[in-house]
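Visitor: Counting in the numbering used here, the sequence shown runs from 30 upward without gaps.
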Amino acid sequence: MSTEDKAIPRSEYDRSTLMEDDAGNDPMMLFGRWFEAAQADGLPEPHAVALATMGPLTISCRMVLLQSFDKDGFVFYTNHNSRKALDLERDPRAALTFYWPAHERQIRIEGKAEHVTAETSDAYFRSRPRESRIGAWSSDQSRPVDDRDTLEQR
Ligand SMILES: Cc1cc2nc3c(=O)[nH]c(=O)nc-3n(C[C@H](O)[C@H](O)[C@H](O)COP(=O)(O)O)c2cc1C
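1) Can you name, in chain order, every residue of its own chain whose Cβ lies under 6 angstroms from the Cβ of A131, other than the five neighbours on each side?
2) If contacts are defined as beta-carbon pairs under 8 angstroms, then I138 and A124 qualify, I think. What distance do you get, rounded to the angstrom?
3) For S171, name the three-state secondary structure that DSSP assigns.
4) Could you name the residues of the same chain whose beta carbon sits closer than 7 angstroms to that of I163, not counting the 5 residues immediately before and after it, in chain order?
5) Out of curiosity, what's the CA-to-CA distance linking Y42 and E133?
6) What's the gap between the Cα of V104 and the Cα of T87?
7) Start and end of the beta strand (DSSP E) containing Y106?
8) Which one or two residues does DSSP pair with W166 in a beta bridge?
9) Tell me whether K113, by its Cβ, gets closer than 7 angstroms to a heavy atom of ligand 2.
10) Mapping the DSSP letters down to three states, classify K113 as helix, strand or coil.
11) Name the residue from R91, R44, S168 and K141 whose alpha carbon lies nearest to the alpha carbon of N110.
12) Quick check on this structure: which residue in L117, A77 and L94 has the alpha carbon closest to the alpha carbon of M83?
13) Output the distance between the C-alpha atoms of E49 and Y128, rounded to the nearest integer angstrom.
14) Excluding sequence positions up to five away, which residues of its chain have a Cβ less than 7 angstroms from the Cβ of S99?
15) Mind checking A142: buried by the 16 CB within 10 Å criterion, or exposed?
16) Looking at Q135 and ligand 1, is the gap between the Cβ and the nearest heavy atom below 7 angstroms?
Written as structure tokens, this is what we have:
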């Protein structure tokens, strides 16, 4: 295979334009409009967002799911002992990036992470399907597992 065959396909990104007038001056309103459009058009996982955190030695990044947002911020849930949670305990600075390829739109957010209240967090946990709750109980997120059997036994 020549290097030409392996070339990464180029996109034109000409499906929409962003004009100052359309953007307005309230970033949360713009986020709301774009997020709603992504949901309304049935884009795959419109609430999937990359979350970057500062570790002791490196910056790390992974996907999470946006559960809600309002003027105070963006809410996701994770295990308190996960690497991302421990990172954020040490250093609350975080960045989020949404990307909706079909709309050729990305949104970048930077800020400080805070805990939601215990009641909010408990209510979310109770709202999850039983299998997901069991999965969350039984796996130490971010930790190596001995093997698949051990995880399934737990
Ligand atoms: C689309 C997608 C959504 C995800 N959503 C979450 C989430 O909401 N919360 C979470 O803890 N992990 C979520 N994960 C798993 C994380 O990306 C990650 O693998 C895991 O949380 C461990 O990350 P950490 O070791 O950096 O803490 C998601 C993964 C994918 C691919």
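Every residue gets a Cβ at the ideal spot worked out from N, C-alpha and C, and that includes glycine.
Guide: Based on what the coordinates show:
1) In the same chain as A131, and ignoring 5 residues on each side of it, the C-beta atoms closer than 6 angstroms to its own belong to L72, in chain order.
2) 7 angstroms
3) coil
4) none
5) Rounded to the nearest whole angstrom, the CA to CA distance from Y42 to E133 is 6 angstroms.
6) Cα to Cα, V104 sits roughly 24 angstroms from T87.
7) Element bounds for Y106: n/a, residue is neither H nor E.
8) DSSP, once it has assigned bridges, lists no residue as partnering W166.
9) What this structure holds is ligand 1, not ligand 2.
10) Looking at K113 - three-state DSSP - the assignment turns out to be helix.
11) S168
12) L117
13) A direct Cα-Cα distance of roughly 20 angstroms separates E49 from Y128.
14) Before going further, note that residue 99 is Asp rather than Ser in the sequence given. Hits under 7 angstroms: none found.
15) buried
16) no
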